[in-house]
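For the protein sequence lines, the chains are D and G, in the order given. Residue numbers are given in the numbering used here: position 66 of the first sequence equals residue 66, and the series is strictly consecutive. Take any residue in the second sequence, note its place counting from 1, add 212, and you have its number in the numbering used here. From the three backbone atoms N, C-alpha and C, an ideal C-beta is built for every residue, glycine too. None of these values were measured; they are calculated from a predicted model.
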Amino acid sequence: MMNPSGNAMSVSLTGCHACGLVCRLEHGHHGVCPRCGTELHFRKPRSIERSTALVIAAFIFYLPANLLPITHTAALGKVQSDTIMSGVIYFISHGDWPLALVIFIASVAVPLLKLLILSYLLWTVKHRSRSRPLDRTKLYRITEAVGRWSMVDVFVVTVLVALVQLGFLANIEAGPGALYFSMVVIITMFAAMAFDPRLIWDPVEENHEREN
Amino acid sequence: MLNRVPVVPPDSCARCARCGHVLFRNPANCVEKTLALSFSALILWIVANVFPFLSFGLPGNLIETNLVSGVVSLYEQGQSILAFVVLVTSIVAPALQIAGLLYVLAPLNRGRRLPGAREVMRWLGHLRPWSMMEVFMLGILVSMVKLGGMADVVPGVALWAFCCLIVVLSWALSTLEPHVIWEQLDDATDAGAAP
């Protein structure tokens with residue numbers, strides 16, 4: 001099932017990003033996939049730089065996303081501003097532990113963990129680490145799969161804004177935090193897409209080749 | 213990692229020898245099943261967007277919303293970027309997915325290929341992470357609980373259609389195996405060309 005070195009790049013082959021067709025590509029040459037027309041690369045171009053830049057941008061947006069209010073609730077003349085954390089605290093104070101946990105995990109923990117995991121992966125790849133490549137690949141797959149669930153709070157704001165328009169009785173408006181929050185989610189998704197998990201395995205293989 | 217994949221028997225899969233990720237599946241009747249599911253998804257999408265979604269309020273002051281009204285209210289409050297994000301992730305991306313699936317699969321089922329089918333197929337792969345209906349559903353549930361204390365929240369026809377749409381579309385995408393489609397696209401004749 002495996003070729004002797006295991007690496008497609010070493011035998012001038014690469015898989016198309018879009019359709020998966022295995023294509024021949026000479027080193028230092030440009031090529032396009034004969035089947036679907038996508039440009040071919042051995043590794044995603046400037047993967048580490050692009051991914052790092054996006055991770056930094058997401059970290060910057062993470063602060064206003066959590067500190068600024070995501071909703072302004074006006075009820076009977078009183079205006080109350082809620083951040084993501086105060087929404088979690090609201091559910092805890094009403095004894096709604098499961099929902100508090102869902103919101104906390106989706107909105108606070110997952111974006112932060114995702115950014116930390118991507119930073120860790122980028123750092124190890126940049127320093128050509130050879131430790132536990134399989135676990136690092138799995139970490140990457142998890143961050144890729146789980147990231148979109150962070151959007152849940154943005155959708156909660158959308159539904160609240162649409163429904164609660166009772167004039168003086170109660171009115172909800174979206175706050176600036178919601179925008180920053182959606183930006184965090186989108187930018188981290190792009191950062192995960194820019195990262196090329198094959199880079200995790202490149203130092204491992206160089207080691208094998210040196211041993212042989 | 214370069215893997216040599218043997219011919220995969222129907223309804224089984226091949227995994228990467230190194231990281232264990234699924235490389236290749238060969239679901240039985242891939243094209244027909246996905247096509248049928250895409251058609252039902254199209255009908256459900258229309259129902260979910262036309263009929264009332266949720267009703268909320270006190271007797272005499274009832275607000276009915278559609279799927280798009282959240283987007284409209286966000287836009288009216290000056291949050292146009294946020295409105296755009298929600299519009300794309302909850303309405304436009306699923307619609308494009310359904311349209312793309314039908315465009316590729318309906319002719320392919322009869323061994324034909326429409327112009328641009330390959331580009332459409334390529335975009336279907338890029339579109340997938342941006343279609344967030346199931347996340348939207350979780351958001352709806354959370355806000356229903358949140359508002360339950362203030363007044364009654366009544367789910368409308370569209371909400372049920374939306375639930376079914378989530379199941380049907382993700383089912384369609386899970387029976388869709390890109391490798392099989394790409395290979396069949398290679399074998400298909402261009403529509404309009406003499407058979």
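| Asked | Found |
| --- | --- |
| Bridge partner(s) assigned by DSSP for residue 72/D | 81/D and 173/D |
| Chain D within 8 Å of residue 268/G, Cβ atoms only | yes |
| Inter-residue spacing [alpha-carbon to alpha-carbon] between residue 73/D and residue 116/D | 33 Å |
| Closest Cα partner of residue 336/G within the set 231/G, 385/G and 378/G | 385/G |
| In DSSP terms, what residue 23/D is bridged to | 14/D |
| Against chain G: residues of the stretch 63-86 of chain D by CB proximity under 8 Å | none |
| Residue environment, residue 186/D, which counts as buried when at least 16 other CB atoms sit within 10 Å | buried |
| As assigned by DSSP and simplified to three states, the class of residue 52/D | helix |
| Residue interval of the beta strand (DSSP E) (run including residue 365/G) | 364-367 |
| Completely contained alpha helix (DSSP H) runs for the stretch 294-379 of chain G, where each covers 4 or more residues | 305-320, 329-339 and 345-360 |
| Touching by the beta-carbon criterion (3+ pairs, under 8 Å), the stretch 188-197 of chain D and the stretch 55-66 of chain D | yes |
| Residue 118/D: first and last residue of the uninterrupted alpha helix (DSSP H) it sits in | 110-126 |
| Helix, strand or coil at residue 267/G according to DSSP, with G and I counted as helix | strand |
| Cα-Cα separation between residue 332/G and residue 339/G, rounded to whole angstroms | 10 Å |
| Beta carbon of residue 152/D nearer than 8 Å to that of residue 109/D | no |
| 8 Å CB neighbourhood of residue 268/G in its chain, flanking five on each side removed | 274, 275, 277, 359, 363, 364, 365 and 366 |
| Residue from 323/G, 258/G, 309/G and 400/G whose Cα sits closest to the Cα of residue 374/G | 258/G |
| Opening and closing residue of the alpha helix (DSSP H) in which residue 390/G lies | 390-399 |
| Interface residues of chain G facing residue 96/D [CB-CB closer than 8 Å] | 357 |
| Straight-line Cα distance separating residue 158/D from residue 144/D | 24 Å |
| Minimum C-alpha distance to residue 242/G - residue among 399/G, 290/G and 390/G | 390/G |
| Residue interval of the alpha helix (DSSP H) (run including residue 242/G) | 242-262 |
| Chain D contact for residue 378/G (CB, 8 Å cutoff) | no |
| Chain-ordered neighbours of residue 154/D on chain G, where CB pairs are closer than 8 Å | 294, 297, 298 and 351 |
| Burial state of residue 161/D, where buried means 16 or more other Cβ atoms lie within 10 Å | buried |
| Contact set for residue 343/G: own chain, Cβ-Cβ below 6 Å, skip 5 residues either direction | 305, 306 and 309 |
| Assumed close pair residue 370/G, residue 260/G - CB separation to whole angstroms, cut-off 8 Å | 5 Å |
| Selected residue, minimal CA-CA separation from residue 321/G, among 400/G, 231/G and 227/G | 400/G |
| Positions along the stretch 37-50 of chain D whose CB lies within less than 9 Å of some CB in chain G | 37 and 38 |
| CB contact flag (residue 156/D, residue 368/G, <8 Å) | no |
| One or two residues paired with residue 276/G in a DSSP bridge | 267/G |
| When 248/G, 388/G and 356/G are compared against residue 99/D, the one with the closest alpha-carbon | 356/G |
| Proximity test, Cβ basis, 8 Å: residue 191/D and chain G | no |
| Per-residue burial, residue 126/D [other beta carbons within 10 Å of its own, 16 or more giving buried] | exposed |
| Short Cβ contact (8 Å threshold) for residue 232/D with residue 68/D | Outside the displayed range of chain D (1 to 212) lies residue 232/D, so it cannot be described from this structure. |
| Proximity test, Cβ basis, 8 Å: residue 103/D and chain G | yes |
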